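So the structure is just underneath, and the comments pick up after that.
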DNA sequence: TAGTGTTATGCAACAAGTTGCACTACCCCC
DNA sequence: GGGGGTAGTGCAACTTGTTGCATAACACTA
């Protein structure tokens, strides 16, 4: 259900094609949702079938047609329903933690490499977040509440990533 | 693949039944992995079919038989392979964040209720973690490295939960 | 001129996870 | 005497997400 909800939100902000949405996932929504293009196209078609979206085909010279999706009234209602009901807590799944429970079988070099790589990925992620912040949320004191809300999510994304990164540093240090 | 790996790790520590593993998920592994009993039974049977586990049926008076699973040599190898190769980063999926991107359609009372409930859940989770810490990791300075490793994961779980909780407090406070 | 990246769409098969249901039998509490 | 919790197993149907493959055409660069 959640993917549907994300699509309703992004299309409510602005109509677009599957490809457009994919770009938004990579840009300003990088800390919120990720999905493959296959999944998007399939879900958009199903939502159209369920009457939540309408589709307008825009022909292009020498390129595949763009299929621009818009919310319908039913789509707006579905979104409001989803917003009103609280989310169920997702299951905890941390495969990396599991490796720590097999410490003695986990070779030290593999461990250092894995944690080192992850540290690098997190650093890169923080750079991405910083870029998003600069592009969309410069001067946070002048934002409207509706613009300020997404900024909060970015801030939490940053803090969680930093927490992870600090922890990795501590673990690597202890393993000397 | 990850569920298989978790099962290999828990059964390598100590053989057990599907039901036993479920109890471990609820107790010391609460911050690592969660799965339904249906999923466990099905996966254990498949792993037996693939030669990673053997199964010893222990009859009980007036109760269904206990099926105690053990690692095979092939299971141990599969575990070592999994430990040696780095994990792929999982996709980001934060449905709660999505709601912040539809701030104006999200009713203020629903928002306060949802964030309040989540705050309570996180508080409860911290209590669970504290209980685990007390039961398994009292006197961390006297732990062996292999015992210390799982303790680290618990500490990160605590810090991440705290980070979330503080953020919710800030958001609620700002919402007047 | 061949390879890589971007724009643009999608099907089919598979793997993983969820939901609903079913059976047995004890214990405890109201 | 009925309802809920614990111990113990599992099937079947469904939803969700992944992987592999396919098509078409432009732009850039080595």
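Chains as they are written, first to last, in our numbering: chain A, 4 to 179; chain B, 4 to 179.
Glycine included, each C-beta is placed from N, C-alpha and C at the ideal position.
Note that this is a predicted model, so its numbers are computed, not measured.
(message) Does residue 40 of chain B pass the burial test, meaning 16 or more other C-beta atoms within 10 Å, or should it be called exposed?
(response) By the neighbour-count rule (16 or more Cβ atoms within 10 Å), residue 40 of chain B is not buried but exposed.
(request) Would you list, in chain order, the members of the region 87-108 of chain A that have their beta-carbon closer than 7 angstroms to a beta-carbon of chain B? (result) Residues of the region 87-108 of chain A with a C-beta atom less than 7 angstroms from some C-beta of chain B are 87, 89, 90, 92, 94, 95, 96, 97, 98, 99, 100, 101, 102, 103, 104, 105, 106, 107 and 108, listed in chain order.
(request) Could you please tell me which residues of the region 124-139 of chain A, in chain order, have their CB closer than 7 angstroms to any CB of chain B? (result) 124
(request) Report the three-state DSSP secondary structure of residue 118 of chain B (helix, strand or coil). (result) helix
(request) For my contact list, residue 82 of chain B and residue 8 of chain B are in at a C-beta cut-off of 8 angstroms; report their separation, rounded to the angstrom. (result) 7 angstroms
(request) Go ahead and pull the three-state DSSP assignment for residue 68 of chain A. (result) strand
(request) Indicate whether the contact test is met: 3 or more Cβ pairs, each with one atom in the region 145-154 of chain B and one in the region 136-149 of chain A, closer than 8 angstroms. (result) no
(request) Run the CB neighbour count on residue 29 of chain A, radius 10 Å, all protein chains shown included, and call it buried at 16 or more, exposed below. (result) The residue is exposed, with fewer than 16 neighbouring Cβ atoms inside 10 Å.
(request) Evaluate residue 72 of chain A with the Cβ neighbour count: other Cβ atoms within 10 Å of its Cβ, from every protein chain shown; 16 or more gives buried, anything less gives exposed. (result) buried
(message) Buried or exposed for residue 105 of chain B, going by 16 or more other Cβ atoms inside 10 Å?
(response) The residue in question, residue 105 of chain B, is buried, as its Cβ has 16 or more Cβ neighbours within 10 Å.
(request) Could you name the residues of the same chain whose beta carbon sits closer than 7 angstroms to that of residue 35 of chain A, not counting the 5 residues immediately before and after it, in chain order? (result) If the five residues before and after residue 35 of chain A are omitted, its C-beta is found closer than 7 angstroms to the C-beta atoms of 156, all from its own chain and listed in chain order.
(request) Could you pull the start and end residues of the beta strand (DSSP E) that residue 61 of chain B belongs to? (result) Counting along the chain, the beta strand (DSSP E) containing residue 61 of chain B begins and ends at 56-63.
(request) Could you name the residues that DSSP lists as bridge partners for residue 155 of chain A? (result) None, per the DSSP bridge assignment.
(message) Does chain B have any CB closer than 8 angstroms to the CB of residue 24 of chain A?
(response) no
(message) Closest to residue 70 of chain A by C-alpha separation, out of A:130, A:38 and A:45, would be which residue?
(response) A:45
(message) If the criterion is Cβ atoms closer than 8 angstroms, does the pair residue 166 of chain A and residue 129 of chain A meet it?
(response) no
(request) Out of B:172, B:99, B:131 and B:177, point me to the one whose CA is closest to residue 180 of chain B's CA. (result) The question about residue 180 of chain B has no answer, for chain B in this structure spans 4 to 179.
(message) Strictly below 9 angstroms CB to CB, what residues from chain B border residue 144 of chain A?
(response) Ordered by position in chain B, no residue passes the 9 angstroms Cβ test against residue 144 of chain A, which lies about 12 angstroms from the chain.
(message) Taking 8 angstroms as the threshold (beta carbon to beta carbon), is residue 81 of chain B in contact with chain A?
(response) For residue 81 of chain B, the answer is no, since every Cβ of chain A falls outside 8 angstroms of its Cβ.
(message) Under DSSP, the alpha helix (DSSP H) around residue 7 of chain B begins and ends at which residues?
(response) 5-16
(message) Between the alpha carbons of residue 109 of chain B and residue 91 of chain A, how many angstroms are there, rounded?
(response) 17 angstroms
(request) Following the continuous alpha helix (DSSP H) through residue 84 of chain B, name the residue where it begins and the one where it ends. (result) 76-87
(request) Note down, in chain order, each residue of its chain lying with its Cβ closer than 6 angstroms to the Cβ of residue 124 of chain B, except the 5 sequence neighbours on either side. (result) Around residue 124 of chain B, the same chain offers no residue with a beta carbon nearer than 6 angstroms, after the five sequence neighbours per side are excluded.
(message) Just to confirm, is the Cβ distance from residue 50 of chain B to residue 56 of chain B under 8 angstroms?
(response) yes
(request) Determine the DSSP secondary structure at residue 36 of chain B, reduced to helix, strand or coil. (result) strand
(request) Return helix, strand or coil for residue 178 of chain B, following the three-state DSSP convention. (result) coil
(request) Spell out whether any CB of chain B is found under 8 angstroms from the CB atom of residue 42 of chain A. (result) Residue-level contact by beta carbon fails for residue 42 of chain A and chain B, as no gap is shorter than 8 angstroms.
(request) Using a Cβ cut-off of 7 angstroms, pull out every chain A residue sitting near residue 84 of chain B, in sequence order please. (result) By Cβ distance, chain A contributes nothing, its closest Cβ being about 11 angstroms from residue 84 of chain B, past 7 angstroms.
(message) Can you pull out the residues from the region 154-165 of chain A whose beta carbon lies closer than 7 angstroms to at least one beta carbon of chain B?
(response) 155, 156, 159, 162 and 163
(message) If distances are taken between C-alpha atoms only, which option among B:159, B:171, B:173 and B:24 comes closest to residue 133 of chain B?
(response) B:159
(request) Report the residue from B:62, B:22, B:79 and B:120 whose alpha carbon sits nearest the alpha carbon of residue 11 of chain B. (result) B:79
(message) Would you say residue 148 of chain A lies against chain B (beta-carbon separation less than 8 angstroms)?
(response) yes
(request) Starting from residue 99 of chain B, trace the alpha helix (DSSP H) both ways and give me its first and last residue. (result) 98-103
(message) Can you pull the chain A neighbours of residue 117 of chain B, defined as C-beta to C-beta under 8 angstroms?
(response) 89 and 90
(request) Look at the alpha carbon of residue 4 of chain B and the alpha carbon of residue 87 of chain B, and state the distance between them as a whole number of angstroms. (result) 14 angstroms
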